[in-house]
Amino acid sequence: MVNNWRFRRLALRLWGDVHTSGGAVMRLSLVPQERRFYALFKKQGELVNESLEQLRNGLLEGQTRHPRLRELEHECDDVTHEIYNLINQTFVTPFEREDIYSLASSLDEVVDLAEEVSDKIDLYRVKEITPSARRMGEVLAKAGKELEQAVADLEGFKNLTPHRLAIHSLENEGDRITREALAQLFTDGASPSDLVKWKDLYDLLETTMDQCEHVANVLEATSIKNA
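First residue of the sequence shown? That's 369 in the numbering used here, and the numbers climb one at a time after it.
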């Protein structure tokens with residue numbers, strides 16, 4: 369009996385009745401949405417974009433820029449954990465908790481992968497970046513910009529479709545570059561060690577692009593559920 373009374377009292381605090389002109393009753397939440405989520409997602413989007421720009425610039429210059437990418441990876445981890453903590457602290461979230469978690473972890477994974485590419489280039493002591501890797505860097509940087517803009521438009525779930533379509537097109541371009549690059553390795557008669565190194569690097573670059581598309585798909589699925 370006590371538990372039921374407490375539940376009703378809580379419900380009265382959280383919900384109010386709105387009577388329409390026709391006499392119908394609408395239930396209206398009186399609890400404001402937690403807007404900090406949008407600010408944190410915006411920060412994640414900025415970190416994704418900068419990480420992919422740093423990766424692109426490093427590939428173009430023949431330098432890994434690994435120290436800065438490691439810093440960005442740590443920054444994104446901090447923001448991601450802040451989102452996770454906020455999920456647990458917030459009674460009413462802007463959209464479903466599992467969608468918030470999925471989006472945050474998906475964005476974080478892009479930054480992790482960008483840092484991993486740079487780490488592998490250092491690990492393999494790559495002396496010269498291939499033209500195909502430079503092209504993949506350009507594609508990833510474009511995807512990063514699209515993701516940053518998409519996440520910035522997250523509130524209200526407006527204008528997400530053009531970004532998803534652009535990222536899908538970039539993912540297809542990345543697939544073509546990877547296939548051509550792998551074929552070129554065998555055509556040029558690369559040494560066994562170079563074959564192993566560059567196959568791993570091309571696969572990792574493609575995985576990074578695939579993850580960008582995954583984020584776009586998460587955004588689309590979330591927008592459909594909340595339309």
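C-beta: ideal position from N, C-alpha, C; glycine also.
Minimum length 4: unbroken alpha helix (DSSP H) runs contained in the stretch 538 to 593: 560 to 593, all fully within the stretch 538 to 593.
Checking 8 angstroms against the spacing of the C-beta atoms, do Leu471 and Thr590 come in under that value? Taking the sequence shown and counting its residues from 1, the one referred to as residue 471 is at position 103. Taking the sequence shown and counting its residues from 1, the one referred to as residue 590 is at position 222. The answer is yes: Cβ separation under 8 angstroms.
Cβ of Val416 within 8 angstroms of any chain B Cβ: Reference to chain B is not applicable here, since this structure consists of a single protein chain.
Is DSSP giving Asp521 helix, strand or coil here? Taking the first residue of the sequence shown as position 1, residue 521 is located at position 153. When DSSP states are grouped into helix, strand and coil, Asp521 belongs to the coil group.
Near Lys565, which residues of its chain fall below 6 angstroms by C-beta distance, leaving aside the five closest residues on each side in sequence? Position 197 of the sequence shown, counted from the start, is the residue given in the question as residue 565. Taking C-beta separations shorter than 6 angstroms and ignoring five residues to either side along the sequence, the partners of Lys565 in its chain run Tyr492, following chain order.
Within the stretch 444 to 478, note down every full alpha helix (DSSP H) run reaching 4 residues or more, in order along the chain. none
Please list the terminal residues of the continuous alpha helix (DSSP H) segment that includes Glu402. Position 34 of the sequence shown, counted from the start, is the residue given in the question as residue 402. It is not in any alpha helix (DSSP H) - Glu402 carries neither H nor E in the DSSP assignment.
Helix, strand or coil, according to DSSP, for Glu439 in the structure here? The sequence position of residue 439 within the sequence shown is 71, counting from 1. It is helical.
Around the C-beta of Gln579, are 16 or more other C-beta atoms found within 10 angstroms, so that it is buried, or is it exposed? The residue labelled residue 579 in the question sits at position 211 within the sequence shown. Counting Cβ neighbours within 10 Å, Gln579 comes out buried, since at least 16 surround it.
With H, G and I counted as helix, E and B as strand and the rest as coil, what does DSSP make of Glu516? Counting from 1 along the sequence shown, the entry for residue 516 is found at position 148. Here Glu516 sits in helix by DSSP.
Check this for me: beta carbons of Phe409 and Val519, under 8 angstroms apart or not? Start at 1 with the first residue of the sequence shown, and residue 409 comes out as number 41. Start at 1 with the first residue of the sequence shown, and residue 519 comes out as number 151. Cβ atoms of Phe409 and Val519: closer than 8 angstroms.
Does DSSP classify Ala501 as helix, strand or coil? Within the sequence shown, residue 501 is the residue found at index 133, counting from 1. Correct three-state label for Ala501: helix.
Buried or exposed: where does Glu421 fall if 16 or more other Cβ atoms within 10 Å of its Cβ makes it buried? Taking the first residue of the sequence shown as position 1, residue 421 is located at position 53. With 16 or more Cβ atoms within 10 Å of its Cβ, Glu421 is classed as buried.
Compute the distance between the beta-carbons of Thr437 and Ser473, then report whether it is under 8 angstroms. Your numbering for residue 437 matches position 69 in the sequence shown. Your numbering for residue 473 matches position 105 in the sequence shown. The sequence shown places Leu at residue 437, rather than the Thr named in the question. In this structure, Ser473 does not lie closer than 8 angstroms to Leu437 by Cβ.
Give me, in chain order, the residues of the same chain whose beta-carbon lies closer than 7 angstroms to that of His434; leave out the 5 immediate sequence neighbours on both sides. For the purposes of this step, residue 434 is identified with residue 66 of the sequence shown, where counting begins at 1. Once the five neighbours on either side are set aside, the close Cβ partners of His434 are Ser486, Asp487 and Asp490.
Run through DSSP, which three-state label would Asn425 get? Residue numbering aside, residue 425 sits at position 57 when the sequence shown is read from its first letter. In the structure shown, Asn425 sits in a helix (DSSP, three-state: H, G or I).
Which residues in the same chain have their Cβ closer than 7 angstroms to the Cβ of Asp480, if we skip the five residues on either side of it in sequence? As a working note, residue 480 is residue 112 in the sequence shown. Same-chain partners within the cutoff: Glu441.
Beta carbon of Val583, beta carbon of Leu515: below 8 angstroms? Walking along the sequence shown from the start, residue 583 turns up at place 215. Walking along the sequence shown from the start, residue 515 turns up at place 147. In contact: Val583 and Leu515 (Cβ atoms closer than 8 angstroms).
Thinking just about the alpha-carbon of each residue, which of Ala501, Leu572 and Leu587 is nearest to the one in His536? Within the sequence shown, residue 536 is the residue found at index 168, counting from 1. Cα-wise, what sits closest to His536 is Leu587.
For the stretch 495 to 512 against the stretch 531 to 551, do three or more pairs of beta-carbon atoms, one drawn from each stretch, fall closer than 8 angstroms, so that the two count as touching? yes
Residue closest to Asp445, alpha-carbon to alpha-carbon, out of Leu427, Thr432 and Val416: Position 77 of the sequence shown, counting from 1, holds the residue named residue 445. With distances taken between Cα atoms, Asp445 lies closest to Val416.
Between the beta-carbon of Ile334 and the beta-carbon of Phe405, is there less than 8 angstroms? Residue 334 lies beyond the residue range present for the chain, which begins at 369 and ends at 595; the question has no answer from this structure.
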